[in-house]
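Asker: Let me give you the structure first, and then I'll get to my questions.
Numbering (my numbering), first residue to last: 77 to 1229.
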């Protein structure tokens, strides 16, 4: 799809010379109508997913050094952008001002901000807001003053926010410099924050504090003439004075919008346009570049950068250090001014250049040293693992290293491209020697690195003495740092050189086959052949496969490599038997090997070099898996350009021998690297085709993610779409790496390398779907999967599976029934239903744990999805039965109801059987002695009702606020005794914004009507904390449950066993009495019990008995807890005590205690 910027250029081009009427600017009302169309469409998702989180992060950073904030917004419109950040941040804003030249918007803005609590966005303002009904104007001829007089009072601000781009402000850097002068300087500099629509945003001479991009933003506009007539002038920025000319132009503009748009079947009736966003923040140090220019040489003009993405990023400057001292000076400058750096090695990385950030080009560090004796190696801490070493400086390319080493008969197992640099070796390095010798990073034995804390030079591991810079020392954490460099080495400092183990250089034999494939089964068979060969190859061999299309014919290319130091080449008989006679064969050395890659030599007529590419890589084991094959085949069929392809590169072998303890590379259990490569003509730059190709790569990645065993980190960077992938790139090593990142780079100087974020407490959501026969359970589950995977920007994955499939397979094995028809043919399944039901009941008698076995099997075999829907549940209360088996996942159950008439209509040919089948498949929810989490009444035809239900009830459960809250629950190991990990739920209240966030979630996610709740019942002490905040928010009174003797009479009391933690601490179970004032409880209205945790259910069960004693009916009691620990089966215990009809909701779920 084209971007708004491209659309604007097209609209301007539509103005022909015949349209002689002058342009006129939009009126305030015209601008507002256009802006409302923009914001009411999908543009709001950019605010929810990018702008508001980024702005919240900037505010949080400012609040680390001050307790309150003064802010000024430039061009906010009728609503303050800051008014949408979380409440705990808005409450810190004590002084507010804004420049808004649109008088209609300015009036609405002032009315909104000035309204009384609780409707005011800034409830804690200490002065009235100042709304300047004028533009923020920089006038060079008036000594750089702002013409409104707003700055004449000498006020300064903690935050100055340019809200909706800087259109019309030229040159932009002058306006920013003026804003910088209005920032406070202590206790630390305030910030100028700019949100700009469209990725093109060039600033001269300013260095940003932080730059972030959101490339996936979109704008949706109704495909109606009246909407386009308002939207087009807003984008173009003008109308025509002559009414007839203006009308003729708008008709032309309608045609242009419709011609350039992209349609989405999920948004029928709307035109879609790309609207990438950028956030740039500056501090008062933004002008500090001049200090560094005088110390360090600048890069040469015309420096070739390989990455097309990096070429689009305009850095503030590129420095070319020629000595280690230059590198130190760059780091010291960045630390002093709290600015960021990027590093250029081979320049293949998209983030080696970053907008408005200073870059270090390591090109001058280009020497390769071959050490054939270990006598001069400083190996004080590490035994030498090889007689030969190769030291490569950080500016070297892979091809240079191989060439230098080969002259002495040596080699290093590096990647398969000659032009890649240090970034690849430090983060992996997969090549055709990996099966013999491991990844490139596995063969790193030493390194020299400059600290980004102080500029100190460190050397770790084995480094030849002649390659040690003056003043280099071994750091105290040498072992950890060397471990981290081997797999994540771009994150911890500026690497000067790397020392590799060297091996005898082999010669390679390369065999090629190409197979046209037509049918889906043929693709699966051919990949099965490759898989079979791979499992049986000696380590000196490796096999690759390429899936691509040429002249609209799907092809599978296969390449077999053999490495031999004595040229003893012989193809294994198995290969010839399976693949047939070879089509091409050649012998090459290590340099010639680069040219034998099929994408270089054969595919699409050979590599022309006049293209750009985008790729991501993940790791697979079984490439003949039916679902994986289907994804791969569909990917090529739906490719956006003819040249896109998939490369399956075999590894395993020595790569698996290394462990996660030996190096930071966190993915070891895989056989094939799957490289998804999108390619387009090089003359296409930031076009709809480029965006579509990049999205194609991410879409395939998303589909394969549940089946992969890891992600390759070398390609990943600050693109927000990479955050989810980066979390899977380092596996179990991520927490250790994140901790080391905080230690080695506390100021986040290297901010734009592969993200090493603290792994969030991600909780899979499992939804158990129940209901009567023909209620539409499977249909609804598939609709809900579609809603989740398409209505969110978080790359969430979802899948629907049936737990009854296991029974069908066992039944088919025993009876000879057709398993394929049982799984897919409904009428065939119904013929066998009585026998199936009898078979299942007999199995359960013989194997009482069969339902649990089937549940665990479904969880294990379903893949790693964010949301898993399980249908075919036969249990009356599946949530209580199964949740303890998946204690780290959030589980809820949804019952799908449909009237008997509707179900008969859906099964008209079996309508007389429906009543009888009800006895087998379930009962109406009203007759259950159990209340499911949610109930969906599926009474209408089509998918609309199910989609609405999912958007209202299921999507909110996936909001990132749940992850934020989960990460506030501190894990305390070995408490209250050895071997126990305690989750400190009350720690939420001890973190900034924690109690507010928790209260928000409790209020938003309560299933029921707040107007019907008369009382919040809470038990000391955790319940008091959360219920008090919720009561203050909702205005509902509390009823306190306390130990006997703590409340004045009259009270009623019941016996209560100790909580799980209390009994764990004391080692024995004791009985206590708890009490409540019965006069606080209404017998006719709903009661909500609020507590911090649900574990064994002892405390909650006692509270429920207390309410029953007070005369409250079960059906009007609701429960909300902050955290649930399903391991202790608290829900099942409560159900056994007769409280199955009490709806229990929990925000978080944890294993342990």
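Yeah, the Cβ is synthetic: ideal placement off N, Cα and C, and Gly gets one too.
Everything numeric in this text was worked out from a predicted model, so none of it was measured.
(1) Give the single residue among 938, 934, 882 and 93 whose Cα lies nearest to the Cα of residue 913.
(2) Touch check for the region 1011 to 1029 and the region 1054 to 1071: three-plus C-beta pairs under 8 Å?
(3) Does the ligand ATP have a heavy atom nearer than 8 Å to the CB of residue 1007?
(4) Under the three-state reduction of DSSP, which class applies to residue 905: helix, strand or coil?
(5) Kindly indicate which three-state DSSP category residue 430 falls into: helix, strand or coil?
(6) Name the one or two DSSP bridge partners that residue 583 has.
(7) Nearest to residue 383 by alpha carbon, out of 1167, 497, 127 and 415?
(8) Give a yes or no on whether the C-beta atoms belonging to residue 396 and residue 372 are separated by under 9 Å.
(9) For residue 1092, which option in 1040, 1174, 1156 and 925 has the closest C-alpha, if you only look at C-alpha atoms?
(10) Rounded to a whole number of angstroms, what is the C-alpha to C-alpha distance between residue 302 and residue 329?
(11) Mark residue 1187 as exposed unless 16 or more other C-beta atoms lie within 10 angstroms of its C-beta, in which case mark it buried.
(12) Tell me the rounded alpha-carbon separation between residue 105 and residue 99.
(13) Is residue 895 closer than 9 Å to residue 783 when the C-beta atoms are compared?
(14) On the premise that residue 186 lies in contact with residue 205, defined as a C-beta separation below 8 Å, what is that separation, rounded to the nearest angstrom?
(15) Just grab the DSSP bridge partners of residue 1023 for me.
(16) Distance, Cα to Cα, residue 79 vs residue 626?
(17) For residue 209, which residues from the same chain have a beta carbon less than 8 Å from its beta carbon, with the 5 sequence-adjacent residues on both sides left out?
(18) Is it true that the region 607 to 622 meets the region 658 to 671, where meeting means three or more beta-carbon pairs spaced less than 8 Å apart?
(19) Please name the residue in 1090, 1039 and 512 whose C-alpha comes closest to that of residue 942.
(20) Which of the three DSSP states is assigned to residue 144 in this structure?
(21) Relative to the C-alpha of residue 56, which residue among 596, 932 and 734 is closest?
(22) Is the beta carbon of residue 1219 less than 9 Å from the beta carbon of residue 1194?
(23) Which of the three DSSP states is assigned to residue 688 in this structure?
(24) May I ask you to report which of helix, strand or coil DSSP gives residue 212?
(25) Could you check whether residue 696 and residue 780 sit closer than 9 Å to each other, using their CB atoms as the reference points?
(26) How would you label residue 1199, buried or exposed, when you count the other beta carbons within 10 angstroms and need 16 or more for buried?
(27) How many angstroms separate the CA atom of residue 1201 from the CA atom of residue 1168?
(28) On the criterion of 16 or more Cβ atoms from any shown chain inside 10 Å, does residue 399 qualify as buried, or is it exposed?
(29) Apart from the five residues on each side of it in sequence, which residues of its chain come closer than 6 Å, Cβ to Cβ, to residue 424?
(30) Spell out a yes or no on whether the region 343 to 362 and the region 413 to 432 are touching, meaning 3 or more CB-CB pairs, one atom from each, closer than 8 Å.
(31) Between the alpha carbons of residue 1014 and residue 847, how many angstroms are there, rounded?
(32) Per DSSP, what kind of secondary structure is residue 1121 in: helix, strand or coil?
(33) Report the CB separation of residue 512 from residue 640 in whole angstroms; it is logged as a contact under 8 Å.
(34) Output needed for residue 414: all residues of its chain with C-beta closer than 8 Å, excluding positions within five of it in sequence on either side, in chain order.
(35) Quick check: what's the CA-CA separation for residue 1103 versus residue 199?
(36) How long is the line joining the alpha carbons of residue 411 and residue 446, rounded to whole angstroms?
Answerer: So, from the data block:
(1) 882
(2) no
(3) Absence of the ligand ATP is noted for the structure shown, with no ligands found whatsoever.
(4) helix
(5) coil
(6) 640
(7) 497
(8) yes
(9) 1156
(10) 12 Å
(11) exposed
(12) 17 Å
(13) no
(14) 7 Å
(15) According to DSSP, residue 1023 bridges with nothing at all.
(16) 30 Å
(17) 176, 177, 179 and 182
(18) no
(19) 1039
(20) coil
(21) Examination of residue 56 is not possible in this model, given that the chain is present from 77 through 1229 alone.
(22) yes
(23) strand
(24) coil
(25) yes
(26) buried
(27) 11 Å
(28) exposed
(29) 382, 383 and 496
(30) yes
(31) 10 Å
(32) coil
(33) Actually they do not touch by this definition, with Cβ atoms about 11 Å apart.
(34) 285, 359, 361 and 823
(35) 22 Å
(36) 35 Å
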